[in-house]
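*Asks:* Each residue of the sequence shown is one higher than the one before, starting from 169 at the first, in this note's numbering.
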Amino acid sequence: MKRNRITKDKTKKFLFYPVNTHKDKVKVIRTCLEFLVIIFTVWMVCRSLIVYQTYEPYDQSDPKIVSGKDHGFIALSYFGVARSGTDSLIALSRLEEELTTLKKLGYVTITQEDIEAYYREGKPLPDKALFLFFEDGRSDTMLFTEKLLEKLNYKASILTYAEKFENDDGKFVSPEQLKELERQGYWELGTNGYRLSYINTYDRYHRFLGELESREFVEINQYIDRDYNHYLMDYIRDKDFVPTESTQEMSKRITKDYDLMESIYTKKIGYVPKLYCLMHSNTGRYGNNESVSEVNSENLEGLFTMNVNREGYSLNNKKSSIYDLTRLEPQPWWYTNHLLMRIKDDLPKADKKNIQFVHGDKKGYSKWNIKKGAAEFKGNLIALTSESESTGRMTLKNTKAKNVKVSCRLLGNKIGRQTIYLRTSKNLDQYISVSLENNILYVRQKNADGQDVLLRQDMYKLHDKNPISIPEDDQDAYVAELKVRGKFSKNNTIAGLYDLKAFEASRKKVESVADGADEYIPEIQISDPGDVKIEMTLQGDQLTLKADGIVLAHDRKVAIQKSGGIALESAFGGFMKSQRNIADDVYDAAFQDLSIQTPDHRLIYDYTYHGFSFAAHRIGIVWNDVVNWFIDNF
Numbered sequence: 169m170k171r172n173r174i175t176k177d178k179t180k181k182f183l184f185y186p187v188n189t190h191k192d193k194v195k196v197i198r199t200c201l202e203f204l205v206i207i208f209t210v211w212m213v214c215r216s217l218i219v220y221q222t223y224e225p226y227d228q229s230d231p232k233i234v235s236g237k238d239h240g241f242i243a244l245s246y247f248g249v250a251r252s253g254t255d256s257l258i259a260l261s262r263l264e265e266e267l268t269t270l271k272k273l274g275y276v277t278i279t280q281e282d283i284e285a286y287y288r289e290g291k292p293l294p295d296k297a298l299f300l301f302f303e304d305g306r307s308d309t310m311l312f313t314e315k316l317l318e319k320l321n322y323k324a325s326i327l328t329y330a331e332k333f334e335n336d337d338g339k340f341v342s343p344e345q346l347k348e349l350e351r352q353g354y355w356e357l358g359t360n361g362y363r364l365s366y367i368n369t370y371d372r373y374h375r376f377l378g379e380l381e382s383r384e385f386v387e388i389n390q391y392i393d394r395d396y397n398h399y400l401m402d403y404i405r406d407k408d409f410v411p412t413e414s415t416q417e418m419s420k421r422i423t424k425d426y427d428l429m430e431s432i433y434t435k436k437i438g439y440v441p442k443l444y445c446l447m448h449s450n451t452g453r454y455g456n457n458e459s460v461s462e463v464n465s466e467n468l469e470g471l472f473t474m475n476v477n478r479e480g481y482s483l484n485n486k487k488s489s490i491y492d493l494t495r496l497e498p499q500p501w502w503y504t505n506h507l508l509m510r511i512k513d514d515l516p517k518a519d520k521k522n523i524q525f526v527h528g529d530k531k532g533y534s535k536w537n538i539k540k541g542a543a544e545f546k547g548n549l550i551a552l553t554s555e556s557e558s559t560g561r562m563t564l565k566n567t568k569a570k571n572v573k574v575s576c577r578l579l580g581n582k583i584g585r586q587t588i589y590l591r592t593s594k595n596l597d598q599y600i601s602v603s604l605e606n607n608i609l610y611v612r613q614k615n616a617d618g619q620d621v622l623l624r625q626d627m628y629k630l631h632d633k634n635p636i637s638i639p640e641d642d643q644d645a646y647v648a649e650l651k652v653r654g655k656f657s658k659n660n661t662i663a664g665l666y667d668l669k670a671f672e673a674s675r676k677k678v679e680s681v682a683d684g685a686d687e688y689i690p691e692i693q694i695s696d697p698g699d700v701k702i703e704m705t706l707q708g709d710q711l712t713l714k715a716d717g718i719v720l721a722h723d724r725k726v727a728i729q730k731s732g733g734i735a736l737e738s739a740f741g742g743f744m745k746s747q748r749n750i751a752d753d754v755y756d757a758a759f760q761d762l763s764i765q766t767p768d769h770r771l772i773y774d775y776t777y778h779g780f781s782f783a784a785h786r787i788g789i790v791w792n793d794v795v796n797w798f799i800d801n802f
């Protein structure tokens with residue numbers, strides 16, 4: 169008993185945990201460190217999301233801000249914001265780069281009241297006026313953007329759908345949150361309407377789908393091209409495109425949406441927002457035919473103070489109508505210079521000089537001559553932005569080389585062209601080039617005798633190991649459409665019938681590629697990201713090329729054997745068909761981990777991570793993943 173008491177007296181405790189051995193001490197220390205990491209992470213997350221200040225309007229009496237001259241204003245609209253970004257939601261870091269750049273260029277945000285006074289009373293706006301808004305009313309947009317607005321002292325409008333208030337959808341900002349946003353001063357309210365839904369819809373096989381609500385459309389939009397319309401833009405039609413409603417019925421249907429919108433906003437918010445953004449953009453006036461346009465005109469001009477009616481251009485001025493405003497929608501894959509290039513294109517000639525492109529890493533930038541377009545160097549990536557419907561080009565300073573080994577990942581989107589030139593003459597009348605153009609890889613050579621294509625490889629086919637036929641894709645589309653109809657049916661009986669039809673359709677035997685049917689090759693979309701690893705060696709009169717680790721050329725003979733320069737190029741890829749209503753004439757080539765050396769490993773140029781920069785990059789990725797986890801789970 170005495171011996172047991174002595175043992176008991178020697179036992180130490182950390183809170184309620186006994187500490188007897190070295191292993192126990194290690195556990196305690198590790199637990200403390202983990203606890204501190206969690207506390208620090210939570211503190212950092214809260215610090216990055218919680219707003220403490222209120223918006224301060226710009227000084228209207230400052231002649232450096234408001235000179236009295238009319239420069240109009242630019243309008244930028246973002247669909248939504250996510251911390252890491254998606255193909256439709258801009259990453260918070262990219263948004264911050266863009267808005268911070270505009271802030272440095274002197275742009276100040278204006279309010280809906282400023283716009284109203286500009287058009288109604290002729291009140292001058294700031295010389296560099298930015299009207300900023302975010303559509304679709306997403307909660308993540310509000311969560312991630314508000315702190316950035318505070319940092320820049322920027323004000324924005326958030327647009328919502330009235331229907332979301334009725335459905336109490338947590339993905340979208342609630343009326344209570346909107347009221348709080350208004351109180352803090354960084355936000356104003358606007359609306360995209362009552363709801364987002366679609367009519368007169370066909371899939372890519374010309375199968376008539378009729379009306380789809382937004383959730384149905386999202387689930388099967390991979391099978392839909394551009395053959396559809398928005399609810400307020402047209403008559404409801406049958407499969408032969410004949411109207412199934414009279415003009416009176418159409419008018420009543422459209423007016424009902426405005427009435428519901430007015431009722432819900434008045435009930436939930438206390439008033440109807442001044443700002444309306446009619447869905448969708450770039451129609452005739454307010455619709456696809458005169459009768460529909462007239463009904464929209466009567467409703468929206470009676471209910472709202474202003475309407476954003478178009479997309480694709482950023483500049484509004486006195487020549488514009490307050491009910492026919494235009495906005496530019498920056499896309500998630502744009503680099504900052506892409507946005508600046510688009511804005512510069514829209515500005516009057518005298519104001520274009522106000523746009524100064526970003527360069528990023530000065531050391532990286534200093535090694536190149538920018539011949540055309542704009543270039544940004546960041547981390548291990550070079551983003552080369554083309555001019556509108558043209559190219560961007562830069563050449564490596566003080567470099568002439570003959571035998572080279574090039575390694576690089578081409579990360580620009582699939583629609584467009586990104587090129588590496590080797591053995592070039594000053595005016596590019598001689599070269600050997602590797603180019604990724606609308607997802608097709610080319611190797612070309614050019615000299616006084618003309619240009620030859622040494623290699624052509626469709627990158628989709630290179631990686632398409634299990635091709636499906638057009639009949640198989642048609643079947644997949646039909647089955648998916650039936651399943652969606654079942655999923656969103658009003659009762660279980662109808663849902664069951666659709667599910668049965670889907671099962672029967674999926675069991676039907678159709679021709680495969682092996683049976684002789686044509687392969688289905690999807691059309692490239694403007695948002696499709698590219699990622700091709702290039703490894704190319706030029707040695708004397710021989711060329712070797714690998715793409716994504718696959719040998720495409722080995723000791724291929726080339727005619728150009730003189731030493732020459734090294735150049736990079738980006739080029740607009742043309743207005744190709746796209747499911748999304750986007751027309752963009754500027755292109756960003758993206759060269760990641762570009763390394764150029766001689767075959768015996770003598771370095772010519774290197775823009776990759778090394779040593780501390782590589783470690784810092786990896787730590788940054790891990791930290792970002794940790795923060796994302798906390799945000800997603802808490």
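Glycine residues also receive a C-beta, built at the ideal position from the N, C-alpha and C atoms.
For Tyr373, which residues in the same chain have their Cβ closer than 7 Å to its Cβ, ignoring the five residues on either side in sequence?
*Replies:* Excluding residues within five positions, the ones whose Cβ falls inside 7 Å are Asp642, Ala645.
*Asks:* So within the segment 311-396, which uninterrupted alpha helix (DSSP H) runs reach at least 4 residues, ignoring any that extend past its ends?
*Replies:* With a minimum length of 4 residues, the continuous alpha helix (DSSP H) runs that stay inside the segment 311-396 are 330-335, 343-352, 382-388.
*Asks:* Considering Cα atoms alone, identify which of Pro231, Thr705, Phe312, Phe247 is closest to Ser261.
*Replies:* When each option's Cα is compared against that of Ser261, the closest is Phe312.
*Asks:* From the DSSP output, in three-state form, read off Ala250 for me.
*Replies:* Ala250: strand per DSSP, three-state reduction.
*Asks:* Could you work out which residue in Lys573, Leu604, Gln613 is closest to Arg770 when comparing CA atoms only?
*Replies:* For Arg770, the nearest C-alpha among the options comes from Lys573.
*Asks:* Roughly how many angstroms lie between the CA atoms of Arg251 and Thr268, to the nearest whole one?
*Replies:* Each residue's alpha carbon lies about 17 Å from the other.
*Asks:* By DSSP, does Ala682 sit in helix, in strand, or in coil?
*Replies:* In the structure shown, Ala682 sits in coil (DSSP, three-state: anything other than H, G, I, E or B).
*Asks:* How big is the Cα-Cα spacing for Leu609 and Ser738?
*Replies:* Those two C-alpha atoms are separated by around 14 Å.
*Asks:* On the premise that Glu469 lies in contact with Tyr439, defined as a C-beta separation below 8 Å, what is that separation, rounded to the nearest angstrom?
*Replies:* That belief does not hold up - the Cβ atoms of Tyr439 and Glu469 are roughly 17 Å apart, past 8 Å.
*Asks:* Is it true that the CB of Asp402 sits closer than 7 Å to the CB of Asn456?
*Replies:* Yes, they are a contact pair.
*Asks:* Here's the rule I'm using: 16 or more other beta-carbon atoms within 10 Å means buried, otherwise exposed. How should Glu672 be labelled?
*Replies:* Glu672 should be labelled exposed.
*Asks:* Go ahead and label Phe302 buried or exposed: buried means 16 or more other beta carbons lie within 10 angstroms of its beta carbon, across all protein chains shown.
*Replies:* By the neighbour-count rule (16 or more Cβ atoms within 10 Å), Phe302 is buried.
*Asks:* Name the DSSP bridge partner or partners of Asn475?
*Replies:* Tyr444, per the DSSP bridge assignment.
*Asks:* Quick check: the Cα distance between Val460 and Leu400, rounded to an integer number of angstroms?
*Replies:* The alpha-carbon atoms of Val460 and Leu400 are separated by roughly 8 Å.
*Asks:* When you compare the CB positions of Leu300 and Thr277, do they come within less than 7 Å of one another, or not?
*Replies:* Yes, they are a contact pair.
*Asks:* Please confirm whether Leu148 and Tyr354 have their CB atoms less than 7 Å apart.
*Replies:* Since the first residue of the chain shown is 169 and the last is 802, residue 148 is not available in this structure.
*Asks:* According to the neighbour-count rule (16 or more other Cβ atoms, all chains shown, within 10 Å of its Cβ), is Arg383 buried or exposed?
*Replies:* Result: exposed.
*Asks:* Report the three-state DSSP secondary structure of Val602 (helix, strand or coil).
*Replies:* Three-state result, Val602: strand.
*Asks:* Apply the 10 Å Cβ neighbour rule to Asn537 and answer buried if 16 or more other Cβ atoms are within range, or exposed otherwise.
*Replies:* The residue in question, Asn537, is exposed, as its Cβ has fewer than 16 Cβ neighbours within 10 Å.
*Asks:* Spatial neighbours of Glu413 within its chain, please: C-beta separation below 8 Å, excluding the five flanking residues on both sides.
*Replies:* Excluding sequence neighbours, Glu413 sits near Tyr403, Ile404, Arg421.
*Asks:* What would DSSP say about Leu244, mapped onto helix, strand or coil?
*Replies:* Note: Leu244 maps to strand in three-state DSSP.
*Asks:* Let me confirm a value: Phe545 is counted as buried when at least 16 other C-beta atoms fall within 10 Å, else exposed. Which label applies?
*Replies:* Per the 10 Å Cβ criterion, buried.
*Asks:* Shortest alpha-carbon distance to Lys232 belongs to which of Ala297, Thr199, Ile242?
*Replies:* Among Ala297, Thr199, Ile242, the Cα nearest to that of Lys232 belongs to Ala297.
*Asks:* Please confirm if the segment 613-629 is in contact with the segment 757-773, defined as three or more CB-CB distances below 8 Å between the two stretches.
*Replies:* The segment 613-629 is not in contact with the segment 757-773.
*Asks:* On the criterion of 16 or more Cβ atoms from any shown chain inside 10 Å, does Asp709 qualify as buried, or is it exposed?
*Replies:* By the 10 Å Cβ count, Asp709 comes out exposed.
*Asks:* Label Glu417 either buried or exposed according to how many other C-beta atoms from any shown protein chain fall within 10 Å of its C-beta, with 16 as the threshold for buried.
*Replies:* Per the 10 Å Cβ criterion, exposed.
*Asks:* If you draw a straight line from the alpha carbon of Val463 to that of His448, how long is it in whole angstroms?
*Replies:* Approximately 15 Å between the Cα atoms of the pair.
*Asks:* In the DSSP assignment, what residue or residues form a beta bridge with Thr705?
*Replies:* Looking at the DSSP assignment, Thr705 forms a beta bridge with Lys573, Thr712.
*Asks:* Just to confirm before moving on: does the CB-CB distance between Ala735 and Ala551 stay below 7 Å?
*Replies:* No, the Cβ-Cβ distance between Ala735 and Ala551 is not below 7 Å.
*Asks:* Nearest CA to the CA of Asp406: which residue from His239, Glu379, Arg724?
*Replies:* The option with the nearest alpha carbon to Asp406 is Glu379.
*Asks:* Output needed for Glu266: all residues of its chain with C-beta closer than 7 Å, excluding positions within five of it in sequence on either side, in chain order.
*Replies:* Result list for Glu266: Pro498, Thr504, Leu507, in chain order.
*Asks:* Just how far apart, CA to CA, sit Glu691 and Asn606?
*Replies:* Each residue's alpha carbon lies about 10 Å from the other.
*Asks:* Taking the C-alpha atoms as reference points, what is the distance between Ser674 and Val647?
*Replies:* Cα to Cα, Ser674 sits roughly 6 Å from Val647.
*Asks:* Between the Cα of Leu244 and the Cα atoms of Gln693, Thr494, Lys442, which residue gives the shortest distance?
*Replies:* Among Gln693, Thr494, Lys442, the Cα nearest to that of Leu244 belongs to Thr494.
*Asks:* Where do the ends of the beta strand (DSSP E) carrying Gly532 lie?
*Replies:* Element bounds for Gly532: not the beta strand (DSSP E) but the alpha helix (DSSP H), 530-533.
*Asks:* Whole angstroms are fine: how far does the CA of Thr473 sit from the CA of Met212?
*Replies:* Low per-residue confidence applies at Met212: pLDDT is 49, beneath 50, and the placement is therefore not dependable, though the value from the model is reported in the following sentence. So the two alpha carbons sit approximately 41 Å from each other.
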